[in-house]
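Visitor: Numbering (the working numbering), first residue to last: 1 to 341. Every residue gets a Cβ at the ideal spot worked out from N, C-alpha and C, and that includes glycine. Since the model is a prediction, treat every value here as computed from it, not as a measurement.
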Amino acid sequence: MPDGREVKTFTLTNCNGLKARVTEWGAILVSMEVPDLQGNLADLTLGFDDLAGWMKNPAYFGATVGRFGNRIAHGKFSLDGKNYSLATNNEPSGIPCHLHGGVRGFDQVLWCGQQTASGVEFSYFSPAGEEGYPGNLQIKVTYSLTDQNELIWQAEATTDAPTIINIVQHTYWNLSGDPSHSIENHEMQIFADAFLPTDAGMIPTGKLAGVTGTAMDFQNPRKIGEAINADELPLTIARGYDHCWVFPAREAMRQAARVTEASSGRVMEVFTNQPGVHFYTGNFLDGSAIGKYGIAYPFRSGFCLETENFPDAPNHSHFPSAVLRPGEIYQHKTIYQFSLL
Ligand code: BGC
1 MPDGREVKTF
11 TLTNCNGLKA
21 RVTEWGAILV
31 SMEVPDLQGN
41 LADLTLGFDD
51 LAGWMKNPAY
61 FGATVGRFGN
71 RIAHGKFSLD
81 GKNYSLATNN
91 EPSGIPCHLH
101 GGVRGFDQVL
111 WCGQQTASGV
121 EFSYFSPAGE
131 EGYPGNLQIK
141 VTYSLTDQNE
151 LIWQAEATTD
161 APTIINIVQH
171 TYWNLSGDPS
181 HSIENHEMQI
191 FADAFLPTDA
201 GMIPTGKLAG
211 VTGTAMDFQN
221 PRKIGEAINA
231 DELPLTIARG
241 YDHCWVFPAR
251 EAMRQAARVT
261 EASSGRVMEV
271 FTNQPGVHFY
281 TGNFLDGSAI
291 GKYGIAYPFR
301 SGFCLETENF
311 PDAPNHSHFP
321 SAVLRPGEIY
331 QHKTIYQFSL
341 L
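1. Restricting to runs no shorter than 4 residues, where is the alpha helix (DSSP H) found entirely within the region 39-104?
2. Quick check on this structure: which residue in D80, A117, K8 and W245 has the alpha carbon closest to the alpha carbon of T307?
3. Which residue's Cα is closest to the Cα of D3: I28, A52 and E121?
4. For T205, count neighbouring Cβ atoms within 10 angstroms of its own Cβ and tell me buried if that reaches 16, exposed if not.
5. CB of F284 to nearest heavy atom of the ligand BGC: below 6 Å?
6. DSSP on L18, reduced to helix/strand/coil?
7. DSSP beta-bridge partners for R300?
8. Is G94 buried or exposed, if buried means 16 or more other CB atoms sit within 10 Å of its CB?
9. Could you name the residues that DSSP lists as bridge partners for W25?
10. Kindly indicate which residue of F48, Y330 and E131 has the alpha-carbon position closest to the one of N166.
11. Would you report the Cα separation of N283 and Y241, rounded to the nearest angstrom?
12. Apart from the five residues on each side of it in sequence, which residues of its chain come closer than 6 Å, Cβ to Cβ, to A73?
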């Protein structure tokens, strides 16, 4: 790093030749190489070739995002009768809000990584007051790669004072392995019958809307591009998909999504213990970020499936609680499983 600190990167492999690279900077997934039907490996993730790129990373490629993933209206919330103001770093409609942990979120800090028997463990201590959050937070994020072709990402945290939390994995995927093209011909299935509509500032209105029969309906597999340009309010606000889909019930572990890409034959399934998944289609990519292999990532060249608690949950008492109290352990587990058609 410019200040002389060293950043370690780790490589995970499995018996089928899959290869994941992760780094202490931002507890980021740097790359994920997966074979296609012909057995050719390709990197399915967007990102950068060097640390200088990752140290800017305005789109949060590959990052572990926190303390609170996605948006908090005005950067404000109250907890146990006290009001808190968080750093604001985003304003989709001209009204500032808090996005992905603030100005210097978990994606922009140096974690401490160590190899373990099953993968890599990153730890980070977030002091009380960081980006405006109460409570000293101790966080552990682990990545492991199994011989069943599962990349398992887990986040755990404890606090010494009540705080709010929603740690999110923010990798952009392009299963073709060629992110110079849009992801619109991938087929997406999301195992949810409702989503959270937002206002123009991309903050949930608090309502839950059914997806059936709308452009938001991915209950059956459907090309991402099939309805992405439909003249429906959620899509016109976000210029594509950028919403939290809500699962019918909270389960220990459940399937969130299944994505397929016909030309490569690659399949990715996502499983999680969280109540929702944010499906984002890279609508803010515009070719200005030069990424790995010198590719300027065009509009919609990657999609994210960010398993999460609901955006702005601290300001909606009927949303699942995002509060973490002393003595409790925050636990988020997500599995990305790869296979072939
Ligand atoms: C959000 C988008 C945001 C993007 C930042 C996503 O998780 O939902 O609205 O622009 O992250 O890259």
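Guide: In short:
1. Runs found: 51-54.
2. Nearest option by C-alpha distance: W245.
3. Measuring C-alpha to C-alpha distances from D3 to each of I28, A52 and E121 identifies A52 as the nearest.
4. The residue in question, T205, is exposed, as its Cβ has fewer than 16 Cβ neighbours within 10 Å.
5. A distance criterion of 6 Å places the beta-carbon of F284 in contact range of the ligand BGC, judged by its closest non-hydrogen atom.
6. If DSSP states are grouped into helix, strand and coil, L18 belongs with coil.
7. Beta-bridge annotation (DSSP): R300 is not paired with any residue.
8. G94 comes out exposed.
9. For W25, DSSP records a beta bridge to L110.
10. Nearest option by C-alpha distance: Y330.
11. Computed Cα separation, rounded: 8 Å.
12. So the list reads C97, I203, D312 and N315, once near-sequence residues are dropped.
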